[in-house]
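Going down the list, the sequences are from chains A and R. Residue 1 is where the first sequence starts when you use this note's numbering, and the numbers rise one by one after that. Residue 1 is where the second sequence starts when you use this note's numbering, and the numbers rise one by one after that. Note that CB positions come from ideal geometry on N, CA and C, so glycine has one too.
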Amino acid sequence: MSAIGIDDIEGLLGVAQYEEVGEFPVEQGYVWTTCSSVENGNPLFWDPEVAEEVTGGPIAPPTMVSVWFRPHHWAPNRSTPGLPLQIHFDLKEGLGLPEAVMSDNTIVFYEPVRPGDLLRTSQILKSVSDEKTTKLGTGRFWVIDVEYHNQRGDLVAVESYTGFGYRRAGTEEAS
Amino acid sequence: MTTPTLLQGQVTAGEALPELAYPVTATTVVLGALAARDWRPMHHDKEFAVTRNGTRDIFLNTPNLASWFERYITDWTGPFGRLQRVTFRMKGSIFPGDTMVFRGVVADTGVDDTGCGWAALEITVSVDGDTKTSCTARVALPVSDGDNPWSRAGDRWVP
């Protein structure tokens, strides 16, 4: 994990980085908390008989795929909070862009994710734009792909994020 | 016995999905962020959101918005609906006090080379008529009462 400067970008495009295994297996409690947060009453997630009939047992909502590799905010022997999507933060640091937002997000779904699965991810930098100015400030857009596999090696999802790292108008570039 | 509530052949391009309106509170934003394990302060700390992000309040996070879109789609399809892909474009943030309104329309429908039925959807979530996020999605649907998109894998699942 290190800052990605402008000269590093070309060599990193298309390279799988930050291969990591989730810190905990997919679990039912987070499935219910997420369904509760959006009032999702799909019986696949609440009725074990329906889940057995339709999906061969419980599954997690497909759109939760990124949840399973977001690190704990604190953990023993870790001095700083863990960051999801590390490439995004390395780009912010290396390009001197203190603020960032996500603008686009695409997820393609493959094998269902089930409670007990332990997912593995890797992050791939796809592109970084020239400097652009938007109403937020001046900065760069970047596209990051995240691939997710389960413990059997099955591809479960590919997620693609477009981020915009920027300096707010009137602020100096970070050193 | 669970049976499909919506078959691919029952869907036509141009058809509207039922509208969903939801009043967003600070609890909606914080619960959604924590459910998604998103600890970043702009989703729970108003002062941070205002001074660092330049927004007027905390705002819904992207992974939780994905969960909202999934709920909206599967409310319509029932449990046999299986998401193939979703794409979101965030244009503006959704804050406590906003009533977000989901609207969707079927853009296209068909059956792929493997025999899997699908519907392509165009969905927006808006506040006071202003679109905050647009979404395109493709969801697999059964082509008959005996069909189940969730039984597909490998070469028979081409999302």
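Query                                                                                                                                                              : Result
Closer than 8 Å, Cβ to any Cβ of chain R: which residues of the region 109–122 of chain A, in chain order?                                                         : F109, Y110, E111 and P112
Between which two residues does the beta strand (DSSP E) containing A140 of chain R stretch?                                                                       : D130 to L141
At 4 residues or longer, and completely inside the region 59–137 of chain R: list those alpha helix (DSSP H) runs for me, N to C.                                  : 62–77
Beta carbon of V101 of chain A, beta carbon of L125 of chain A: below 9 Å?                                                                                         : no
Quick one: what does DSSP say L228 of chain R is sitting in, helix, strand or coil?                                                                                : Because chain R here runs from 1 to 159, residue 228 of chain R falls outside it and cannot be looked at.
Between E173 of chain A and chain R, is the shortest Cβ-Cβ distance under 9 Å, so that the two count as touching?                                                  : Residue placement at E173 of chain A is poorly supported in this model, since its pLDDT is 49, which falls under 50; the coordinates still yield a value, given next. So, not an interface residue.
Count the other CB atoms within 10 Å of the CB of V146 of chain A; is the residue buried (16 or more) or exposed (fewer)?                                          : buried
Does the Cβ-Cβ distance between D112 of chain R and A119 of chain R come in under 9 Å?                                                                             : no
Can you tell me where the alpha helix (DSSP H) with L34 of chain R in it begins and where it stops?                                                                : A26 to A35
For T3 of chain R, which option in R:G146, R:V158 and R:D155 has the closest C-alpha, if you only look at C-alpha atoms?                                           : R:G146
For E99 of chain A and R140 of chain A, what's the separation of their Cα atoms in angstroms?                                                                      : 11 Å
If we ignore side chains and look at the alpha-carbon of each, how far apart do S93 of chain R and E47 of chain R end up?                                          : 16 Å
Please confirm whether L83 of chain R and L17 of chain R have their CB atoms less than 9 Å apart.                                                                  : no
Return the CA-CA distance between N105 of chain A and Y161 of chain A, expressed in angstroms with no decimal places.                                              : 5 Å
Using Cβ-Cβ distances below 8 Å, what residues of the region 80–106 of chain A are close to chain R?                                                               : P81, P84, E99, V101, M102, S103, D104, N105 and T106
Contact criterion: CB-CB distance below 9 Å. Does P23 of chain R meet it with respect to chain A?                                                                  : no
Buried or exposed, going by whether 16 or more other CB atoms sit within 10 Å of the CB of E70 of chain R?                                                         : buried
Let me see if you follow: with CB-CB separation under 9 Å, is G41 of chain A close to chain R or not?                                                              : yes
Please list the partners that Q84 of chain R has in chain A, where partner means a Cβ-to-Cβ separation under 8 Å.                                                  : V108 and F109
Quick check on the DSSP output: what are the complete alpha helix (DSSP H) runs of length 4 or more inside the region 28–112 of chain A, in order along the chain? : 28–37, 48–55 and 86–95
Taking the alpha helix (DSSP H) that I6 of chain A falls in, what are its first and last residues?                                                                 : Note, I6 of chain A: premise wrong, no alpha helix (DSSP H); not H, not E.
If distances are taken between C-alpha atoms only, which option among R:T124, R:T131, R:A140 and R:G129 comes closest to F109 of chain A?                          : R:A140
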